[in-house]
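Scroll down for the structure; my scribbles are underneath it.
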Amino acid sequence: MKLLKSGNLQLMNKKLLSQFLKNEIKKPDTINIIILLAIWIAMVILVNPIGDFPLNDDWAYGRSVQSVIEKGDFQISDWTATNLFSQVLWGALFCWPFGFSFTALRFSTLILGLIGVVTTYGLLREINTSYKFSILGALLVAINPIYFELSNTFMNDVPFFAFTAVSLYFLLRGIKYESKIAITFGFLMAGVAILSRQAGLAIPLAFGCAYIMKKGFVISNFVKGFSPTLVGIAIQVGYQKWLQLTMRSPQSYGDQINTLVKEVSLGLSNVFFNYSQITLFSLIYLGLFILPLLILSACQNFKTYSNRQKTLLLIATSFFFVVALNRLISRNLIMPFVGNILVDFGLGPVGLINSYLPQAPRIWIAATAIGLVGAALLLQYLFLAIGQILARNSSPETLEKKWGTTLILSFVVIYFFPLGLLGLTWQGFYDRYLIALLPFLMMMALLCRPNNGKNLKNLINSKLMPLILIMLLIGGGFTIAATHDYLSSNRVLWQALNNLMQTSQIAPERINGGFEFRGWYLCNKKLRNSPDKSINFSCLWETGKEEYVMAFKPIDGYQEIKRYPFSSWMPFTQKNVLVLQKIK
1 MKLLKSGNLQ LMNKKLLSQF LKNEIKKPDT INIIILLAIW IAMVILVNPI GDFPLNDDWA
61 YGRSVQSVIE KGDFQISDWT ATNLFSQVLW GALFCWPFGF SFTALRFSTL ILGLIGVVTT
121 YGLLREINTS YKFSILGALL VAINPIYFEL SNTFMNDVPF FAFTAVSLYF LLRGIKYESK
181 IAITFGFLMA GVAILSRQAG LAIPLAFGCA YIMKKGFVIS NFVKGFSPTL VGIAIQVGYQ
241 KWLQLTMRSP QSYGDQINTL VKEVSLGLSN VFFNYSQITL FSLIYLGLFI LPLLILSACQ
301 NFKTYSNRQK TLLLIATSFF FVVALNRLIS RNLIMPFVGN ILVDFGLGPV GLINSYLPQA
361 PRIWIAATAI GLVGAALLLQ YLFLAIGQIL ARNSSPETLE KKWGTTLILS FVVIYFFPLG
421 LLGLTWQGFY DRYLIALLPF LMMMALLCRP NNGKNLKNLI NSKLMPLILI MLLIGGGFTI
481 AATHDYLSSN RVLWQALNNL MQTSQIAPER INGGFEFRGW YLCNKKLRNS PDKSINFSCL
541 WETGKEEYVM AFKPIDGYQE IKRYPFSSWM PFTQKNVLVL QKIK
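Residues 1 to 584 in UniProt numbering are what the sequence shown spells out, letter by letter.
Here it is in structure tokens:
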């Protein structure tokens with residue numbers, strides 16, 4: 001009997017190994033990946049990422065890379081709140097050949113951005129999604145305005161996205177084919193993700209939940225499933241201790257934990273308000289970002305429902321839409337709800353004085369309403385995912401979906417849970433935190449539909465294809481144009497700043513050149529020597545005493561001494577960066 005059992009296990013392992021080896025990249029996959037590569041390269045060429053200047057917070061992260069390259073010493077700016085270690089080493093690889101530059105750092109992130117897009121395609125294929133659905137999901141990540149703009153910076157969000165996606169891709173394959181090699185590599189990448197951002201701890205936790213769902217709820221499986229979480233915690237604690245012992249721990253390190261504790265201490269009513277508000281905003285953003293895929297999947301699901309189920313679903317969706325819309329209207333809220341990438345009429349942040357972008361309320365009202373539709377669909381899939389996990393059906397197909405859905409939903413819940421507690425202050429929740437959820441929410445939507453999408457190809461090819469193409473073109477067009485304008489305006493701004501400092505010999509302290517300028521020139525020394533600045537980072541904010549100011553518009557009390565034109569694609573026109581001098 002034991003020999004028979006042993007023989008069956010060996011046969012099963014051989015079948016799994018054979019399936020794992022066969023499940024390599026096929027010809028259609030190769031073609032789709034080449035298409036994604038070509039589209040990504042074309043987008044990068046159109047926006048032109050070249051320019052040695054910082055963007056957003058990457059002045060702080062860039063200084064860490066510069067320290068590694070020029071001094072061989074890993075130091076973190078006091079503005080840094082994340083672990084950053086793996087990202088700094090990655091950026092240093094790109095700066096090593098020709099020396100430090102923000103252009104090199106930008107290309108390091110663009111490579112990771114492409115890896116994130118291709119890995120999204122791979123994740124969707126691993127849950128038996130069709131080629132067309134998988135490339136659609138990958139394209140939705142590529143043309144996402146927040147994702148693509150951040151790919152053209154050295155911000156932490158896209159590197160974390162890429163490390164996380166690669167880690168969960170290999171862990172998914174490891175569980176699916178019982179491959180120790182894939183699981184090992186997945187956990188190595190989880191370590192890289194944790195050393196990039198503390199939120200990477202969600203990866204081993206999600207793996208543990210999926211592992212016990214597949215293997216069964218016994219103590220030995222709990223130990224095997226969650227022991228990697230202990231390793232992840234050890235990595236995090238060990239890294240923190242190393243920073244403290246070597247006097248490298250930055251002033252802002254783990255700042256969001258302090259923000260979270262502060263928000264929770266304000267009472268349950270504050271927690272409930274923040275959580276419900278941030279959850280609603282997040283559902284609308286994410287629903288808008290992946291709407292084409294949600295529509296296709298929802299149409300397929302809808303056809304399989306009974307008339308009673310259809311009626312109940314329509315009533316529930318309409319109820320959510322009306323209640324949510326009423327809440328937004330009563331508070332005069334339309335997208336963009338929160339900072340810091342999606343702004344009134346483009347992408348940001350825009351750090352110059354008197355530099356608010358023109359508003360387009362009609363466009364944003366429409367975007368908010370469309371996003372609410374996507375939010376309703378996302379909620380539907382969340383409930384379906386929970387139902388799928390709790391279902392008692394034990395067929396092989398259901399069990400396969402169960403642990404896959406558990407892996408995805410666990411990561412989404414664990415990652416998002418602390419975000420909802422951060423509040424909406426400037427140190428709290430930002431729109432860019434949501435991009436890490438994009439591939440996993442698409443996977444959840446596709447895992448929670450019947451028949452695994454066997455009849456979906458006809459829908460894609462006929463009825464809905466024109467609508468999907470229009471949505472992709474509008475989304476891609478906005479992303480490219482807005483990213484182009486963001487890079488173009490900053491490139492010219494820094495040309496003006498460099499000319500003012502080098503040609504006119506004006507010291508940085510006399511110039512209000514925006515957030516990144518002050519960060520790079522005035523706020524990169526360790527702030528511990530100046531306790532008042534270490535508390536409030538006053539070096540980052542304008543004092544009003546600066547003699548020279550950079551702006552997009554004239555300012556009362558200042559005279560224009562020079563202007564630098566740049567081309568804008570939203571709308572197609574020429575704009576100017578003005579160099580202004582205070583009138584004495």
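Backbone N, C-alpha and C define an ideal beta-carbon position, used for all residues, glycine too.
When C-alpha distances from ALA376 are compared across LEU291, LEU446, ALA436 and ARG327, the shortest belongs to LEU291.
Using a Cβ distance threshold of 8 Å, ILE468 and LEU372 do not count as a contacting pair.
The beta carbons of GLU546 and ILE511 sit about 6 Å from each other, so the pair counts as a contact at 8 Å.
With 16 or more other Cβ atoms inside 10 Å of its own Cβ, GLY200 counts as buried. Looking at the DSSP output, MET335 shares a beta bridge with no other residue. Within the same chain, and ignoring the five residues on either side of PHE100 in sequence, the residues whose Cβ sits closer than 7 Å to its Cβ are VAL65, GLN66, ILE69 and GLU70. DSSP places PRO466 within a helical segment (H, G or I) once states are collapsed to three.
Under DSSP, THR573 shares a beta bridge with SER568. For the pair THR229 and PRO204, the CB atoms are nearer than the 8 Å cut-off. Residue state for ASN512 is assigned as strand, using DSSP reduced to three classes. Excluding five sequence positions before and after VAL271, the CB atoms of its chain that fall closer than 8 Å to its own CB belong to GLU263, VAL264 and LEU421, given in chain order. Three or more beta-carbon pairs drawn from the segment 421-436 and the segment 323-343 are found closer than 8 Å, and the two stretches are therefore classed as touching. Counting every other CB atom within 10 Å of its CB across the protein chains shown gives ALA391 a total below 16, marking it as exposed. Boundaries of the beta strand (DSSP E) around VAL549: 548-551.
Within the DSSP bridge table, the entry for VAL579 names MET550 and LYS562 as partners. In summary, ALA366 is exposed, with fewer than 16 beta-carbon neighbours lying within 10 Å of its beta-carbon over all protein chains present.
Assignment of VAL323 by DSSP, reduced to helix, strand and coil, places it in the helix class. Inclusion of ARG197 and THR82 in the CB contact set at 8 Å is warranted, their separation being smaller than that value. The bridge partners DSSP lists for VAL343 are GLY346. Only exposed fits TRP96, as fewer than 16 other CB atoms lie within 10 angstroms of its CB. The residue from TYR521, THR573 and THR479 with its alpha-carbon nearest to that of TRP40 is THR479.
The three-state secondary structure of ARG432, taken from DSSP, is helix. When secondary structure is reduced to three states using DSSP, TYR305 falls in the coil class, being assigned neither helix nor strand. Separation of the CB atoms of PHE187 and GLY116 is rounded to 19 Å, and the pair is thereby denied contact status at 8 Å. PHE53 and TRP494 do touch by the CB rule: their CB atoms are close to 4 Å apart, below 8 Å. If you check the CB distance, ILE334 and LEU328 come in under 8 Å. Assignment of LEU424 by DSSP, reduced to helix, strand and coil, places it in the coil class. For GLN75 and GLN244, the gap between their C-alpha atoms comes out near 12 Å. The beta carbons of LEU112 and SER297 sit no closer together than 8 Å. ASP29 carries a helical assignment under DSSP once its states are collapsed to helix, strand and coil. Taking all protein chains in view, the Cβ of GLN505 is surrounded by fewer than 16 other Cβ atoms within 10 Å, so the residue is classified as exposed. Apart from sequence neighbours up to five positions away, the residues of its chain that approach ALA496 with a beta-carbon distance below 6 Å are TYR564, VAL577 and VAL579, ordered along the chain. Membership of ALA445 in the alpha helix (DSSP H) is indicated by the continuous run 438-447. A Cβ-Cβ distance of about 13 Å is found for the pair PHE98 and SER108, leaving them out of contact under the 8 Å criterion.
Every alpha helix (DSSP H) stretch that sits fully inside the segment 118-178 and reaches 4 residues is listed by chain position as 131-142, 145-151 and 157-177.
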